[in-house]
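Enquirer:
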Amino acid sequence: MDQSEELKEVTQYLRGLQSHICTSLQEADGGATFRQDVWQQDNGSGRTHILNNGRVFEQAGVNFSHVHGSALPAAASARHPELGGSPFQATGVSLVVHPHNPFIPTSHMNVRFFCASTPAGLVWWFGGGFDLTPYYGDEADAIHWHQTALDACSPFGSDIYPRFKAACDDYFHLRHRNEQRGIGGLFFDDFSEGGFEHAFALTRSIGDHYLPAYLPIVTRHRDTPFSPHHREFQLYRRGRYVEFNLVYDRGTLFGLQSGGRIESILMSLPPNVAWRYDWRAESGSPEADLVQDFLRPRDWLAQAVKPESS
Numbered sequence: 001m002d003q004s005e006e007l008k009e010v011t012q013y014l015r016g017l018q019s020h021i022c023t024s025l026q027e028a029d030g031g032a033t034f035r036q037d038v039w040q041q042d043n044g045s046g047r048t049h050i051l052n053n054g055r056v057f058e059q060a061g062v063n064f065s066h067v068h069g070s071a072l073p074a075a076a077s078a079r080h081p082e083l084g085g086s087p088f089q090a091t092g093v094s095l096v097v098h099p100h101n102p103f104i105p106t107s108h109m110n111v112r113f114f115c116a117s118t119p120a121g122l123v124w125w126f127g128g129g130f131d132l133t134p135y136y137g138d139e140a141d142a143i144h145w146h147q148t149a150l151d152a153c154s155p156f157g158s159d160i161y162p163r164f165k166a167a168c169d170d171y172f173h174l175r176h177r178n179e180q181r182g183i184g185g186l187f188f189d190d191f192s193e194g195g196f197e198h199a200f201a202l203t204r205s206i207g208d209h210y211l212p213a214y215l216p217i218v219t220r221h222r223d224t225p226f227s228p229h230h231r232e233f234q235l236y237r238r239g240r241y242v243e244f245n246l247v248y249d250r251g252t253l254f255g256l257q258s259g260g261r262i263e264s265i266l267m268s269l270p271p272n273v274a275w276r277y278d279w280r281a282e283s284g285s286p287e288a289d290l291v292q293d294f295l296r297p298r299d300w301l302a303q304a305v306k307p308e309s310s
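Numbering follows the numbering used here, with no gaps: position 241 of the sequence shown is 241.
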């Protein structure tokens, strides 16, 4: 299979995935509709869908892009120095959903394909995953999220979920605060194991399991009552999300360094956010428990196993 056939197959799937996710999120919101923004510039093109001020979702952005360049940006070449100066193409779908209700977590999903032309031939890989950022901890949500992640990975080997989960816990860590961004999920990069068809099938499975992982959580909490205090804490914790995306996130850095479309790259940022100097939650409160206990890497699925009665 040559480069053009691979890209055509991947981009066809990604466009369909974007459309399906937007339709499903729109139905879950029950109020607002996505605005479609088709864009094109010298180094690529894309289609950004944005939903604002819905009944459930304060903002949801679902972006498809296909970009190219004559040389790999630093965000990628630092990890692949052997590809420095190589022409590349990258395509993917990336989304972030910020709900109104503080009891519905923020969610993120990304699946992408990268290829570079080198004197030795074509180099390619897949990457992506999905992760969940709650503002108030709910063990049932966390178990469901990780069970669905396991379901996405299981057909491809028993080692995939624990590998991708550990990578997610490691990646979504704010090192300057020694905090996890959320409860994790799946993260993978540079994945070409088993050849193109196998790696692509795994990537599709992860992309296709995002909605089954997230929408039941949305349904469970969409009508949960919340107070101004809950909302204030949500906006405060969104600040951590912004910090991670602007300081550490490889996708954001790659997009900025490759000359990507700024509005589409920064659609991941929440529409409302707050910072408070040296704020501390009251000891023993749900807000304190979130960081001190809930946002800790753990085996969530072990908690779902009930001991047999004697």
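Think of the CB as a built atom: it goes at the ideal place given N, C-alpha and C, for glycine as much as any other residue.
Using 10 angstroms around the beta-carbon of H176, count the other beta-carbons present and answer buried if the total reaches 16, otherwise exposed.
Expert: exposed
Enquirer: Enumerate, from N- to C-terminal direction, the unbroken beta strand (DSSP E) stretches of 3 or more residues contained entirely within the region 112-194.
Expert: 121-133, 184-191
Enquirer: With three or more C-beta pairs closer than 8 Å as the rule, is the region 29-44 touching the region 260-268?
Expert: yes
Enquirer: If you draw a straight line from the C-alpha of G44 to the C-alpha of A152, how long is it?
Expert: 30 Å
Enquirer: Report yes or no: do the region 185-201 and the region 127-144 share at least 3 C-beta pairs separated by less than 8 Å?
Expert: Yes, the region 185-201 touches the region 127-144.
Enquirer: Below 7 Å CB to CB, which residues in the same chain sit around A28 once its five sequence neighbours on both sides are set aside?
Expert: V56, L215, V218
Enquirer: If you run the structure through DSSP and keep just helix, strand and coil, what is W275?
Expert: coil
Enquirer: Can you tell me whether DSSP reads T11 as helix, strand or coil?
Expert: helix
Enquirer: CB-CB under 7 Å to L174, same chain, minus the five flanking residues each way: which ones, in chain order?
Expert: Only R181, R240, E243, F244 meet the Cβ criterion.
Enquirer: Just mark V247 as buried or exposed, buried being the case when its beta carbon has 16 or more other beta carbons within 10 Å.
Expert: exposed
Enquirer: What's the call for N63, buried or exposed, on a 16-neighbour Cβ count within 10 Å?
Expert: buried
Enquirer: Taking the beta carbon of A120 as the centre, do at least 16 other beta carbons fall within 10 Å, making it buried, or is it exposed?
Expert: exposed
Enquirer: Quick check on D138: buried or exposed, where buried means 16 or more other Cβ atoms within 10 Å of its Cβ?
Expert: It is buried - the Cβ of D138 has at least 16 other Cβ atoms within 10 Å.
Enquirer: Does the distance from the CB of L150 to the CB of L7 come in under 8 Å?
Expert: no
Enquirer: Tell me whether F64 sits in a helix, a strand or coil according to DSSP, three-state version.
Expert: F64 falls in the strand class under three-state DSSP.
Enquirer: Could you check whether F191 and A201 sit closer than 8 Å to each other, using their CB atoms as the reference points?
Expert: no
Enquirer: Rounding to the nearest angstrom, what Cα-Cα distance links G195 and D170 in this structure?
Expert: 26 Å
Enquirer: Quick one: what's got a C-beta closer than 8 Å to V10's C-beta in the same chain, skipping five residues either side?
Expert: T91, F113, F200
Enquirer: From the DSSP output, in three-state form, read off S283 for me.
Expert: coil
Enquirer: In chain order, what residues of the same chain have a beta carbon less than 6 Å from the beta carbon of L17, not counting five sequence neighbours either side?
Expert: V93, G207
Enquirer: Look up W39 in the DSSP assignment and give the residues it is bridged to.
Expert: Residue pairing by DSSP places W39 opposite G46 in a beta bridge.
Enquirer: Considering only C-alpha positions, which residue in the set P225, Q234, Q41 is nearest to T133?
Expert: Q234
Enquirer: Once you ignore the five residues that flank S310 on each side, which residues in its own chain have a CB closer than 7 Å to its CB?
Expert: Low confidence applies here, because S310 scores a pLDDT of 34, under 50, leaving its location unreliable; read the following figure in that light. Within the same chain, S310 has no close Cβ partners at all.
Enquirer: Under 8 Å, do P99 and E58 count as touching if we go by C-beta distance?
Expert: yes
Enquirer: What's the gap between the Cα of D2 and the Cα of T203?
Expert: Since pLDDT at D2 reaches only 46, below the 50 mark, its modelled position is unreliable, and no value is offered.
Enquirer: Report the residue from F156, A60, R280 whose alpha carbon sits nearest the alpha carbon of E197.
Expert: With distances taken between Cα atoms, E197 lies closest to F156.
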